[in-house]
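For the record, in the sequence shown the residue sitting at position 101 is 101 according to UniProt numbering, with numbers rising by one throughout.
Glycine included, each C-beta is placed from N, C-alpha and C at the ideal position.
One structure is given below, encoded as structure tokens.
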Amino acid sequence: MKVRILAAVIAVVLAVVGAVALTNYVAGADQRALKGAESRQVYVVRAPIPAGTTADELGQFTAQQTLPANAVAAGAVTDLSQLTGKVPSTALVPGEQLLTSRFVDPASLKPEKPGVKVPAGMQEVTIQLEPQRVVGGQLVPGDTVGVVFSYNVKKDPLSQAVTHLKLHKVLVTSVQGLPTPTAAPTASAEPTTTGGGSAPNAPAVPAGAVLVTLARTAPDVEKIVWAAENGAIWLTKEPVTASETGTKELNVDGLFK
1 MKVRILAAVI AVVLAVVGAV ALTNYVAGAD QRALKGAESR QVYVVRAPIP
51 AGTTADELGQ FTAQQTLPAN AVAAGAVTDL SQLTGKVPST ALVPGEQLLT
101 SRFVDPASLK PEKPGVKVPA GMQEVTIQLE PQRVVGGQLV PGDTVGVVFS
151 YNVKKDPLSQ AVTHLKLHKV LVTSVQGLPT PTAAPTASAE PTTTGGGSAP
201 NAPAVPAGAV LVTLARTAPD VEKIVWAAEN GAIWLTKEPV TASETGTKEL
251 NVDGLFK
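Structure follows, in structure tokens:
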């Protein structure tokens, strides 16, 4: 009986010793692999890093790890200061090495606004107009327009309506509410002869109001908003080659002169 107990105790002790030895062997495997070989310390991702994370925040997601030189990827980060002012372009996952190629300028991650770039010093303002006031809806971003203000104080019987093409070569940055372009008619299509119809190749007319965004200086933005709130606005399609001469504030007295 005593012999059996003793044998069991010895077996347990041997199992524990074997487990400890195996653990130590595995734990030292990396060091043995590095022994006699060139190694480098690089930063490795330890927790998921969202795209756009700043360099100052990377410390909580990463750790330094010693790797054989032949296992270090090109562009591996050895010092977080290499990434100052940059952010990861995509999400990074645990286990991968930090690579300088995965980091970009934060400005490059901002989605570009559709439409036309606003000139420096200008700001955008949007006005809602009926189709006939926007050249039948035949405007696209990048066009330049003339802005006509028309005003009449209806509460004052002595006042006269005044109209003036006040602003010239105003840049259009966006147009919303235009109809979706339709496919061109086939060569075999019969032209319509119904009275009152549009010409076969005439552009579609917007069914409702059109939103037009203009780029202009701050003082001109004030004028546009005031006219939209208190009067009426018409837009002309005014290319850069259009003449601006001869315009004036026009009322009924000057209409037939």
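Residue i versus residue j: straight-line alpha-carbon distance, rounded
i: P88; j: S81; result: 14 angstroms
i: P119; j: T236; result: 21 angstroms
i: T173; j: A73; result: 45 angstroms
i: G75; j: T100; result: 5 angstroms
i: V145; j: V135; result: 10 angstroms
i: A55; j: A69; result: 25 angstroms
i: E238; j: L139; result: 11 angstroms
i: K86; j: E249; result: 55 angstroms
Other residues of its chain near residue i: CB distance less than 6 angstroms, five sequence neighbours each side excluded
i: E96; result: V45
i: A71; result: none
i: T194; result: With a pLDDT of 46 at T194, under the threshold of 50, the modelled position of this residue cannot be trusted; read the value that follows with caution. Result list for T194: empty, nothing under 6 angstroms.
i: residue 317; result: Any question about residue 317 goes unanswered here, given that the chain covers just 1 to 257.
Boundaries of the beta strand (DSSP E) in which residue i is found, first to last residue
i: G146; result: 144-151
i: L67; result: 62-68
Sequence-distant residues of the same chain with beta carbon closer than 8 angstroms to residue i, five excluded per side
i: Q64; result: Q41, V42, Y43, V44
i: T78; result: R40, Q41, V42, Y43
i: T90; result: A51, R102
Other residues of its chain near residue i: CB distance less than 7 angstroms, five sequence neighbours each side excluded
i: G177; result: P206, G208, A209, V210, L211
i: A232; result: S150
Candidates the options: closest to residue i by CA position
i: R216; options: G121, F61, Q60; result: G121
i: D220; options: A91, K169, T78, P94; result: K169
i: V245; options: H164, V225, P203; result: Note on identity: in this sequence residue 245 is Thr, with Val being the wrong assignment. The shortest C-alpha separation from T245 is found at H164.
i: K166; options: Q160, N152, V148; result: V148
i: A47; options: L98, A227, G85; result: L98
i: A161; options: D253, V77, A218; result: D253
i: T84; options: E130, L214, T126, D105; result: D105
Span of the alpha helix (DSSP H), counted from its first residue to its last, around residue i
i: G218; result: Reading off the sequence, residue 218 comes out as Ala, not Gly. From DSSP, the alpha helix (DSSP H) with A218 extends over 218-230.
Bridge-paired residues (DSSP) for residue i
i: F103; result: P88
i: H164; result: F149
i: A71; result: BP columns for A71 are empty, so no partner.
i: L171; result: T144, A215
Near the ligand NAP: residue i beta-carbon under 7 angstroms from a heavy atom
i: S150; result: Of ligands this structure carries none, so the ligand NAP is not represented either.
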